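For reference, the structure discussed in these notes is given below.
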Amino acid sequence: MQRPPFTALAAVYDAIMADVEYDYWADFVLTYARDGGLTLEGAAALDLACGTGGFTRELAATGLRVTGLDVSEDMLREARTRLPGVEFVAGDLRTFTLPGRFDLVTCVFDSLNNLLSVEDLTAALTRAQAHLKPGGLLVFDVNTRLGVRELWEGDAIEGLAPLPGGGEVHYHWSHHHDAASDLGVVQAFCRVEEGGELREFVETHRERGYDPADLEGPLQHAGFARWEIVEYPDYAPPMPDVPRVWVFAWAAEEAGAET
């Protein structure tokens, strides 16, 4: 059965993504933040496109006061179960408005690639900047155009993952690049066996790649004072053939932003 993106997938997402190195990503982000002079003790953080809370959990474990935001109620349901002490809110990256301001805003695991136009990307970066305190930091990663074209070797991944309550999920995700739209398209098929029942679903996910040069205009338009685009894990300037880049963008010290 065809389902919208990040709906049926929510219930098995953590099982499939069990090997994602959220802890290493958090160390990468927070090391840069500290080295850049951001005071993290008692700091407030906003994790955008938080999904089921994998990265949110790592931020909260360091003592940050974290809020998670995602457009998918299905993913948020899993996040709230996983992290009952964390506030999670529903919102669209392009339009969200929250009452507070944050020292640190994050958006990881190529979530911004799901925004399929520069206009939508710019809107999301503008909303993120508006929610930063003066001198605050936005951190995000994106797949480059090359990364979206050549997502996986062989253009497919497949596996079998155990579910926490028993049962298992067999997943087969295939990828192709649609040259006409310049989008990467993933057909995510899952067969779930749980409690003696079998269910199957397919979700179609689309991503647009963004190279460093594509990010400069949106970051400037969003009002960031300065930024650095680097590779993981050594913070090196990105090579032309890098499949993913990380961006560290600072809000101006002298003025906050308005919603």
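Note that UniProt numbering has the sequence shown beginning at 1, numbered continuously upward. Using N, Cα and C, we set each Cβ at its ideal position, and we do this for glycine too. Note that this is a predicted model, so its numbers are computed, not measured.
Cβ-Cβ separation between Glu228 and Phe201: approximately 40 Å, too far for a contact (criterion under 8 Å). Excluding residues up to 5 positions away in sequence, Ala60 lie with their Cβ nearer than 8 Å to the Cβ of Gly85 in the same chain.
In the displayed model, Ala123 falls within a helix according to three-state DSSP. The residues Phe201, in chain order, have a CB closer than 6 Å to that of Ala8 in the same chain once the five nearest residues on each side in sequence are set aside.
In the three-state reduction of the DSSP assignment, Leu138 falls in the strand class.
Per the DSSP secondary-structure output, Gln129 pairs with nothing in a beta bridge. The alpha helix (DSSP H) runs lying completely inside the segment 43 to 129 and spanning 4 residues or more are 54 to 61, 73 to 82, given in chain order. Burial is judged here by how many other beta carbons sit within 10 angstroms of a residue's own beta carbon; Gln129 has at least 16 and is buried.
Two segments are said to touch when three or more pairs of C-beta atoms, one from each, lie closer than 8 Å; by this definition the segment 189 to 209 does not touch the segment 230 to 239. Put simply, the segment 145 to 159 does not touch the segment 119 to 137. Fewer than three CB pairs are less than 8 Å apart.
One alpha carbon belongs to Tyr24, the other to Glu73, and they sit about 27 Å apart.
In this structure, Leu48 lies away from Leu116, with their beta-carbon atoms at least 8 Å apart.
Closest in C-alpha terms to Phe88, from the list Leu69, Asp214, Ala44, Glu194, comes Leu69. Per DSSP, Leu183 lies in no alpha helix (DSSP H) segment; the continuous beta strand (DSSP E) that holds it begins and ends at 183 to 194. At a Cβ-Cβ threshold of 8 Å, Asp92 and Val105 do not count as neighbours. When Asp14, Val169, Gly167 are compared, the shortest CA-CA separation from Cys50 is found for Asp14. Under the three-state reduction of DSSP output, Trp152 falls in the coil class, being neither helix nor strand.
Annotation: Leu215 to Thr144 spans about 10 Å, alpha carbon to alpha carbon. Apart from the 5 residues on each side of it in sequence, Gly136 sits with its Cβ closer than 8 Å to the Cβ of Leu38, Arg101, Phe102, Asp103, Leu104, Val105, Trp250, Ala251 in its chain, given in chain order.
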